[in-house]
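My numbering puts the first residue of the sequence shown at 435, with every later residue one more than the last.
Right, one structure below, let's go through it.
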Amino acid sequence: PPGGHRAIVVGATGATGQQVVRALLASKQWSQVTTVTRRGGAGIYYDGEMPPTKLTELILPNFLQGVEATAPNWKGHDVFFNCLGTTRAAAGGPEQFKEVEVRMTEVAARLAKEAGVTHALVVSAQGANHNCWVDPWEAVHPLLYTRTMGQKEQAVIDAGFSRVTIFRPGMLNRLQKDRALEKIWQACGLGLRVDILATAMLYDAESAPGEGAVQPVIFGGNSLISEIAASRSAE
435 PPGGHRAIVV GATGATGQQV VRALLASKQW SQVTTVTRRG GAGIYYDGEM PPTKLTELIL
495 PNFLQGVEAT APNWKGHDVF FNCLGTTRAA AGGPEQFKEV EVRMTEVAAR LAKEAGVTHA
555 LVVSAQGANH NCWVDPWEAV HPLLYTRTMG QKEQAVIDAG FSRVTIFRPG MLNRLQKDRA
615 LEKIWQACGL GLRVDILATA MLYDAESAPG EGAVQPVIFG GNSLISEIAA SRSAE
C-alpha cells in the first residue's frame, strides 16, 4: 500500500546502501526510513543540508558499542535492509572484516527481530557458503570471503524473521572510482550497477511473498537480479 512500509537500513553510506536509501526516500510506498550509520547522509543519500522529513538518522561512530541503546528506535519498522559491506583491506584485516560482516549483522538482525520486523533483506555475494572450509591461515585464505558471506547470511536466517531475502550478486559496479580495478570495470561496462541491485531489493520488499515460498529466498547472479530490477522499473 502507498506509504505503508517503514524501513530500517544498516550500511546506509556504503555503495549499495546509499542507493537503497535514495530509492526508499524517492518512493511513495515508504513512509519512514531509518538509517543506522557512522556518519550523516548529507551528499551521500540525500542532497542539501536538511534531511527529508521521513528520514531518521541514528549516527553511531562505533556501531557495536552504541547500537544497543538505539533499540527503541528500531520499533515500528516492518523491513530491515542489511547493506553492510567491506573488504579485508578496508576493514584492516580478517578479524575486523568478520566483525563488520558477521558480528554487526548478528546484532542488527537481533535488534530488528526483537523490534517486530518481519522481512529482512541482505546483500551477500555469489558463492556464499557458511560451511566452506577455511584453514587456520585464514588471513590469506582465498575462501575466507566465501565463508564469511555465508556466515553473514546465516546470522540473518537464524534471527527468525518470517521472511528473508538474500541477494547474491557477482561482480559489482559500485559507481565509484576509488578502486583501480573498478575504474576498468566501469570503462568496460562490467559488473552489476549498485543502483540496479537496490532497485531489485526494493521490488522484492514491496512485493507480497510468493505463495508457499520456502525461506530464505535467494536471488543469485547478476542476470537474475537485473531482471527483478527491470520488473520494478516497468511498473
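Just so it is clear, CB atoms sit at the ideal spot from N, CA and C, and this is done for glycine as well.
Quick check: the Cα distance between residue i and residue j, rounded to an integer number of angstroms?
i    : j    : result
F531 : A525 : 5 angstroms
A647 : V551 : 19 angstroms
I415 : G594 : Nothing in the structure corresponds to residue 415, since the chain is present only between 435 and 669.
A523 : E669 : 40 angstroms
L545 : S657 : 33 angstroms
I493 : E535 : 19 angstroms
P643 : Y637 : 11 angstroms
A449 : V628 : 7 angstroms
M635 : K488 : 19 angstroms
G475 : P485 : 8 angstroms
F514 : W508 : 9 angstroms
S660 : P506 : 36 angstroms
Per DSSP, what kind of secondary structure is residue i in: helix, strand or coil?
i    : result
I478 : coil
T633 : helix
Q530 : helix
T490 : strand
N507 : helix
N607 : strand
A642 : coil
Spell out whether any CB of chain D is found under 7 angstroms from the CB atom of residue i.
i    : result
V628 : Here there is only one protein chain, and chain D is not present.
By the DSSP assignment, the beta strand (DSSP E) with residue i in it spans what residues?
i    : result
F595 : That residue, F595, is in no beta strand (DSSP E); it is neither H nor E in DSSP.
N516 : 513 to 516
If you compare alpha carbons, which of the options is closest to residue i?
i    : options                : result
L606 : Q560, L555, H564, A476 : Q560
G625 : D638, Q610, A639, M635 : Q610
Q453 : Y637, S641, E645, T633 : T633
K586 : A642, V541, R608, L494 : V541
T580 : V590, A562, T521, A589 : A562
R456 : R602, Y480, W567, K462 : Y480
G438 : A639, K547, T471       : A639
T504 : A549, G519, F601       : A549
M538 : G500, P485, G482       : G500
P495 : H511, C517, P650, G445 : G445
Residue range of the alpha helix (DSSP H) that residue i falls in?
i    : result
S465 : Here S465 belongs to no alpha helix (DSSP H); instead the beta strand (DSSP E) covers 464 to 471.
R456 : 449 to 460
A668 : Per DSSP, A668 belongs to no alpha helix (DSSP H) and is neither H nor E.
L498 : 497 to 500
A525 : 522 to 525
V541 : 538 to 548
Any idea which residues DSSP pairs residue i with across the strands?
i    : result
T599 : L555, V651
V444 : V470, N516
R627 : N607
H439 : W464
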